[in-house]
Every structure is written in C-alpha cells, then in structure tokens.
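K.L.:
Before anything else, here's the structure in question.
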Amino acid sequence: MSEVRTRFAPSPTGYLHVGGLRTALFKYLFAKNQQGTFILRIDDTDRERFVEGSVEHIFESLRWLGLEWNEGPEAGGDYGPYEQSQRFDIYHEYTDKLAATHALYPCWCSAERLDQLRKEAQAEKRAFKYDRYCLKHPKDLAEPHVMRFFIPESPLSIGWDDAVRGHVEVKTTDLDDFIAIKSDGWPTYHFSSVVDDQTMKITHVIRGDEWVASTPKHLLLYQAFNWEPPVYAHVPTILGPDGKHKLSKRDDAKSAIDYKNLGYLPEAVINYLASLGFNDGTEQEIYSPEQLTKVFSLERISKSPAVFDERRLDWMNGYWIRQFKLDELFAKVQGFWPAEAVAANDDFKKQVLGLVQERLKYFAELPDLTRFFFTDLPLDMKLVSENKQLKKLKSEELKDLLERSKTTLESSDFSVDDLSARLNKLLEETGQKPAVLFSLIRIATTSAPASPGLADTLAVLGKQHSLTRIDSWLAAF
Ligand code: GLU
Numbered sequence: 036m037s038e039v040r041t042r043f044a045p046s047p048t049g050y051l052h053v054g055g056l057r058t059a060l061f062k063y064l065f066a067k068n069q070q071g072t073f074i075l076r077i078d079d080t081d082r083e084r085f086v087e088g089s090v091e092h093i094f095e096s097l098r099w100l101g102l103e104w105n106e107g108p109e110a111g112g113d114y115g116p117y118e119q120s121q122r123f124d125i126y127h128e129y130t131d132k133l134a135a136t137h138a139l140y141p142c143w144c145s146a147e148r149l150d151q152l153r154k155e156a157q158a159e160k161r162a163f164k165y166d167r168y169c170l171k172h173p174k175d176l177a178e179p180h181v182m183r184f185f186i187p188e189s190p191l192s193i194g195w196d197d198a199v200r201g202h203v204e205v206k207t208t209d210l211d212d213f214i215a216i217k218s219d220g221w222p223t224y225h226f227s228s229v230v231d232d233q234t235m236k237i238t239h240v241i242r243g244d245e246w247v248a249s250t251p252k253h254l255l256l257y258q259a260f261n262w263e264p265p266v267y268a269h270v271p272t273i274l275g276p277d278g279k280h281k282l283s284k285r286d287d288a289k290s291a292i293d294y295k296n297l298g299y300l301p302e303a304v305i306n307y308l309a310s311l312g313f314n315d316g317t318e319q320e321i322y323s324p325e326q327l328t329k330v331f332s333l334e335r336i337s338k339s340p341a342v343f344d345e346r347r348l349d350w351m352n353g354y355w356i357r358q359f360k361l362d363e364l365f366a367k368v369q370g371f372w373p374a375e376a377v378a379a380n381d382d383f384k385k386q387v388l389g390l391v392q393e394r395l396k397y398f399a400e401l402p403d404l405t406r407f408f409f410t411d412l413p414l415d416m417k418l419v420s421e422n423k424q425l426k427k428l429k430s431e432e433l434k435d436l437l438e439r440s441k442t443t444l445e446s447s448d449f450s451v452d453d454l455s456a457r458l459n460k461l462l463e464e465t466g467q468k469p470a471v472l473f474s475l476i477r478i479a480t481t482s483a484p485a486s487p488g489l490a491d492t493l494a495v496l497g498k499q500h501s502l503t504r505i506d507s508w509l510a511a512f
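Just so you know, my numbering puts 119 at position 84 of the sequence shown, and the rest follows in order with no gaps.
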C-alpha cells in the first residue's frame, strides 16, 4: 500500500473552533500513526467569505498544538502550491479534460430562471434538479456561463466503504447537475477538492460528517476522471453541552487561540479533542500526544456524536498542570501573574505557585487565586456576614476567636508544622469546627473566600503580613 497522506483543508473564513481542530488532530494522528504525511491546504477560492487574519490564525493554532504539517504553506512540498487561490491553471487543465468528455457542460441559465425552477420544485414537493435546458439550447461560449457536472444515468447508485460509518450507498438519481466551475472561472468546492486531493496524492480524506452529502458527487468526479478515489472517513458531529444540537459559537465554543490565551496546555487540549470521538477500547482517559499517535486508528473513531463538556477539558488541563515540576510550570505561567505580583521575587512566586498547582485548572485563574499573596485586599465584611458558619456568630465572639488566634500565631515560628500544630490545638481549646475557626483566620489573613491549606498559606504569607492583616480585621469588628 502506498504511503498514507492526509490533508487538513480549512477555508479561511473565520477562526478554527473545536470541531475543525478535532478533525485536524485526527488527520494528523492518523498520518503519524502510519508514518505518513500530514498536509495543510488552504481552501481559499471563495474570496467573498475570506476573513482577514484567518490563515495566520490557522497556522498559529496548529503550531501551538504541535500539529506541524509536513507539506503546505511555509513548509513547501512537491505538490504545491498549497493554497487553492494559486491553483487556477491546474483547475483549468482539468476542466478542459472533463469538458472534452462532456462530463462538464456549459450552462447560461439566469438566476431568475433557476429561481423559478426551484419554486416549481418546491410547490411540487420534490428536490430541485436542474432541467438541463442548456444542453439542448447552447449559446455562445463567449457569454458568461457556469460549467455543470453531468450526473450520469448509470450507475443508479454509488457507494463507498467509509472507515468510520461502514458502507454508505446513495442513489445518484437524486443528485443535481451541480456547478463545478463558476462564471468567474473558479471551481466550486467539489471540483477543486477532488482535483487537489488527486493531484496531491491524498490517500485518506478524513472530515466532519457534514460533508457526507458531498461525497457521492466527489466519487462521480473521480469516476469521470477515471481516478481511484481515496478512503473516506466521516467523523461524527460534536454536540453542544446539552447533547442535542450541534456545537456552535452560542455554546461558547472557543478557538485554539482562546484556549492558549486562557492558559490551557496544548497537551491537555490535544488529550481532550482526541477524546471527542476516539477511544482505544480501554478505560484510559489520559494520553500524551505521543501515546495518542501510537494508539490512534480510524476504526476506533466512534460512530455516534460526541458531547462537548468544558468541565472535562478543565479536569484534563488540571491533570496536565499537576504533572509539571514546579520550575517547569513556573516557566509556563509567565504572563499570567496578577499585576500586583510585578515586584515579587521569583522564589516567592514559586512558593505561591506550588500552593495553587493542585487546584489550578488553567493559568488565567492565577490572578484570582493568588492576588492576596501580593497585596492587601480590601476588607470585605460580606465575607463574614455571608459565610454560612460565621454569620451565626456574634461580633464579640468573632473578635474573641480572632484575638486568640492572633496570640497563638504570635508565638509561632511560621513553619508549616508549627502552624498546623497550633491551629489544631486552637480548635480543641475553642471547641470550634474548622469550618468556623479556619474560615475566620483565612478571611482575616487573605480577605479571600478560598485559599490553599491554611497552614501552608500562612507560612508563605509570613508572620508579619499575617498578623498585620489580622489586626486590621480586629479593628473592623
Ligand atoms: N474546505 C473544506 C472545509 O472548510 C474542506 C472540507 C473537506 O475536508 O473536504 O472544511
């Protein structure tokens, strides 16, 4: 069997979202698994839908995820150019070939006439099919026209063995003589896609299942050219969190660059995207990109849709964050510290990071989780008055507990061990629950509703800061 060649062929019409990234990943993993070639092609013939900046966005997204392409823009290769907008002459050569065999024919019909035909079909509740008027009434080729693909009378149906869905068979009698070349001379998606897949020697077309309806047309084009079609693998849709409708921007589906900016790790995003439709048949959930490359196969892509769940992504990202040594993680979170940390030294920041590493889901959470280590937050009485346990206590009781806490902390050396011992002893002496006593000390020293373990937090915060903050709260009660 020939070398496996897959391609990712995005249209630069906007940002790359979860669905596009997931299919890009599957194509990449399959190529790597088979020691094949992963190709990037930019499907940019539709200048009207072109969005400025989206090609750069595609490059940045793929590179951030580590999905380097072996051939394509900026990488080169033997089958370029890899931008469809640069392939006009190639398409023309193949248009002429099919026109010569009458597989393509010119059509001069006006938009009005076609609209009328569509309305008639609608009224008669049948699918619209072009009536081939121009075959019988040809005009001058110098006049603006499109080229239509002549759907042959036979075969009556066409099918393929889809690597994901199994055998699919479609009646060709239902197909319309679709437009292959537009009046401006540029090919439509069907035509350019088939010509490019063939001339770029693509062996496996892996794509979202929204393209299933196009595949019979592509197969007929392959037939008309007398070419061997590639293997098709149509990957099921990703559904929104409600599991009912297709994932869309309304579901807050983010782009790769959004995830990058929020401080997600590429390892985690890859792990998560792969889990949207692929599993290797075991219970394993965590995979490194290298492991995925080893276990990936088209046969193990699920036939049913995956449901997008950002909490699962957060869980995986947290997992990957915890795998790093502190120094490695420290290097990764540069740029995510709160502004208040600007003057803090690296050792102190590392200690703080060590405390939150366990609970950090993505780096953009860092400011809210750590700000109190770097600055005195304003005293917010609501932290006490809205705390389920603390609101039951009178002001004098709170003040008394805090005085006693201060006394014991004053004689601590602020090592974690000593602090833990003292805090536990204080629980016994006051007969309070941790939810009361520790919450109070936490609020008084951090002015934050949550923090890492109390003894750890106090140890990093240091004696002086902790006691001064307790004093401010004592004055406020
Ligand atoms: N340019 C198409 C897209 O935007 C390619 C579809 C295909 O993979 O055939 O997704």
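Glycine residues also receive a C-beta, built at the ideal position from the N, C-alpha and C atoms.
Remember, it's a predicted structure, so these values are computed and weren't measured experimentally.
According to DSSP, is C144 helix, strand or coil?
P.N.:
Here residue 144 refers to the residue found at position 109 when the sequence shown is read from its first residue. Three-state result, C144: coil.
K.L.:
Which value, in whole angstroms, describes the spacing of the CA atoms of K174 and C144?
P.N.:
By 1-based counting over the sequence shown, the position of residue 174 is 139. By 1-based counting over the sequence shown, the position of residue 144 is 109. K174 and C144: Cα-Cα distance of roughly 10 Å.
K.L.:
Could you tell me which uninterrupted alpha helix (DSSP H) segments, each at least 4 residues in length, are contained entirely in the stretch 320 to 388, listed from first to last along the chain?
P.N.:
The qualifying runs are 324 to 330, 345 to 357, 361 to 367.
K.L.:
One question on the structure: do L75 and E95 come within less than 9 Å of each other, judged by their Cβ atoms?
P.N.:
Your numbering for residue 75 matches position 40 in the sequence shown. Your numbering for residue 95 matches position 60 in the sequence shown. No, the Cβ-Cβ distance between L75 and E95 is not below 9 Å.
K.L.:
Bridge partners for D197 per DSSP, in chain order?
P.N.:
Here the question's residue 197 lines up with position 162 in the sequence shown. Note: D197 sits in a beta bridge opposite G201.
K.L.:
Is V240 close to ligand 1? I mean its beta-carbon at under 8 Å from any heavy atom of the ligand.
P.N.:
Start at 1 with the first residue of the sequence shown, and residue 240 comes out as number 205. Indeed, a heavy atom of ligand 1 lies less than 8 Å from the Cβ.
K.L.:
V199: which of D244, D415, D491 sits nearest, CA to CA?
P.N.:
The sequence position of residue 199 within the sequence shown is 164, counting from 1. The shortest C-alpha separation from V199 is found at D244.
K.L.:
With distance defined between alpha-carbon atoms, name the residue in F123, V203, E159, Q157 nearest to K217.
P.N.:
For the purposes of this step, residue 217 is taken as residue 182 along the sequence shown, with counting starting at 1. Nearest option by C-alpha distance: F123.
K.L.:
Considering F313, what are the terminal residues of the alpha helix (DSSP H) in which it resides?
P.N.:
Within the sequence shown, numbered from 1, the residue matching residue 313 stands at position 278. Note, F313: premise wrong, no alpha helix (DSSP H); not H, not E.
K.L.:
What does DSSP give as the partner residue(s) for V39 in the beta ladder?
P.N.:
Walking along the sequence shown from the start, residue 39 turns up at place 4. In the DSSP output, where bridge partners are listed per residue, V39 has none listed.
K.L.:
Please identify the residue among R42, A483, L444, F512 whose C-alpha is closest to the C-alpha of I241.
P.N.:
Counted from its first residue, the sequence shown places residue 241 at position 206. With distances taken between Cα atoms, I241 lies closest to R42.
K.L.:
Kindly indicate the opening and closing residues of the beta strand (DSSP E) around T72.
P.N.:
As a working mapping, residue 72 is identified with position 37 in the sequence shown. Residues 72 to 75.
K.L.:
Between the C-alpha atoms of G275 and R346, what's the straight-line distance to the nearest angstrom?
P.N.:
Within the sequence shown, numbered from 1, the residue matching residue 275 stands at position 240. Within the sequence shown, numbered from 1, the residue matching residue 346 stands at position 311. When rounded, the distance between both Cα atoms is 13 Å.
K.L.:
From H280 to T208, what distance separates their C-alpha atoms?
P.N.:
Numbered from its first residue, the sequence shown carries residue 280 at position 245. Numbered from its first residue, the sequence shown carries residue 208 at position 173. Their backbone Cα atoms lie some 30 Å apart in a straight line.
K.L.:
Tell me the start and end of each unbroken beta strand (DSSP E) in the stretch 166 to 231 that is at least 3 residues and wholly inside, in chain order.
P.N.:
Correct list: 181 to 184, 192 to 197, 201 to 206, 214 to 216.
K.L.:
Given this structure, state the Cα-to-Cα distance separating G298 from V368, to the nearest angstrom.
P.N.:
Taking the sequence shown and counting its residues from 1, one reaches residue 298 at position 263. Taking the sequence shown and counting its residues from 1, one reaches residue 368 at position 333. Distance between the alpha carbons of G298 and V368: 8 Å.
K.L.:
So, does the stretch 63 to 81 touch the stretch 282 to 302, judging by three or more C-beta pairs under 8 Å?
P.N.:
Result no; under three Cβ-Cβ pairs closer than 8 Å.
K.L.:
Assign F343 to one of two classes, buried (16 or more other C-beta atoms within 10 Å of its C-beta) or exposed (fewer than that).
P.N.:
The count along the sequence shown starts at 1 and reaches residue 343 at position 308. Under this definition F343 is a buried residue.
K.L.:
Ignoring anything shorter than 3 residues, give me the beta strand (DSSP E) runs that lie fully in the stretch 246 to 292, in order along the chain.
P.N.:
Listed in chain order, they are 266 to 270.
K.L.:
Hey, H225 and F184: beta-carbon distance below 9 Å or not?
P.N.:
Locating residue 225 in the sequence shown gives position 190, counting from the first residue. Locating residue 184 in the sequence shown gives position 149, counting from the first residue. Closer than 9 Å, so yes.
K.L.:
Classify E463 as helix, strand or coil using the three-state DSSP reduction.
P.N.:
Taking the sequence shown and counting its residues from 1, the one referred to as residue 463 is at position 428. Helix.
K.L.:
Using beta-carbon positions only, say whether V419 and T405 come within less than 9 Å of one another.
P.N.:
Working through the sequence shown from its first residue, we reach residue 419 at position 384. Working through the sequence shown from its first residue, we reach residue 405 at position 370. Their beta carbons are not under 9 Å apart, which means V419 does not touch T405 by this criterion.
K.L.:
Enumerate in chain order the residues of its own chain whose CB-to-CB distance from R153 is below 6 Å, with the five nearest sequence positions on each side excluded.
P.N.:
In the sequence shown, residue 153 corresponds to position 118, counting from 1. Here the set comprises F163.
K.L.:
On the three-state DSSP scale, how would you describe R242?
P.N.:
Within the sequence shown, residue 242 is the residue found at index 207, counting from 1. If DSSP states are grouped into helix, strand and coil, R242 belongs with the strands.
K.L.:
Compute every distance between the C-beta of P515 and the non-hydrogen atoms of ligand 1, then say whether any falls below 8 Å.
P.N.:
Past the boundaries of the shown model lies residue 515; the chain is included only from 36 to 512, so the question cannot be answered.
K.L.:
Which same chain residues end up closer than 7 Å to A379 when comparing Cβ atoms and leaving out the 5 residues on each side of it in sequence?
P.N.:
Position 344 of the sequence shown holds residue 379. The answer, listed in chain order, is F409.
K.L.:
Please find out if some non-hydrogen atom of ligand 1 comes closer than 8 Å to the beta-carbon of Y224.
P.N.:
Residue numbering aside, residue 224 sits at position 189 when the sequence shown is read from its first letter. Indeed, a heavy atom of ligand 1 lies less than 8 Å from the Cβ.
K.L.:
With three or more beta-carbon pairs closer than 8 Å as the criterion, would you say the stretch 78 to 93 touches the stretch 43 to 53?
P.N.:
Touching, per the Cβ criterion.
K.L.:
Is N306 near W355, with beta carbons less than 9 Å apart?
P.N.:
Here residue 306 refers to the residue found at position 271 of the sequence shown. Here residue 355 refers to the residue found at position 320 of the sequence shown. Yes, these two residues count as a Cβ contact at 9 Å.
K.L.:
What are the boundary residues of the alpha helix (DSSP H) that K62 is part of?
P.N.:
For the purposes of this step, residue 62 is identified with residue 27 of the sequence shown, where counting begins at 1. Looking at the DSSP string, the run of the alpha helix (DSSP H) that includes K62 is 53 to 68.
K.L.:
Under three-state DSSP, which class holds L458?
P.N.:
Numbered from its first residue, the sequence shown carries residue 458 at position 423. The answer is helix: DSSP assigns L458 an H, G or I state.
K.L.:
The alpha helix (DSSP H) that contains H137, what's its start and end?
P.N.:
Position 102 of the sequence shown, counted from the first residue, corresponds to residue 137. Segment: none, H137 is in no alpha helix (DSSP H) and carries neither H nor E.
K.L.:
Would you say S482 and R504 are within 9 Å of each other, going by their C-beta atoms?
P.N.:
As a first step, residue 482 is located in the sequence shown; it is residue number 447 there, counting from the start. As a first step, residue 504 is located in the sequence shown; it is residue number 469 there, counting from the start. Cβ atoms of S482 and R504: closer than 9 Å.
K.L.:
Which residues does DSSP pair with G107 in a beta bridge?
P.N.:
Working through the sequence shown from its first residue, we reach residue 107 at position 72. Partner(s): G111.
K.L.:
Alpha carbon to alpha carbon, how far is I186 from L255? Give it in angstroms, no decimals.
P.N.:
Counted from its first residue, the sequence shown places residue 255 at position 220. Counted from its first residue, the sequence shown places residue 186 at position 151. About 8 Å.
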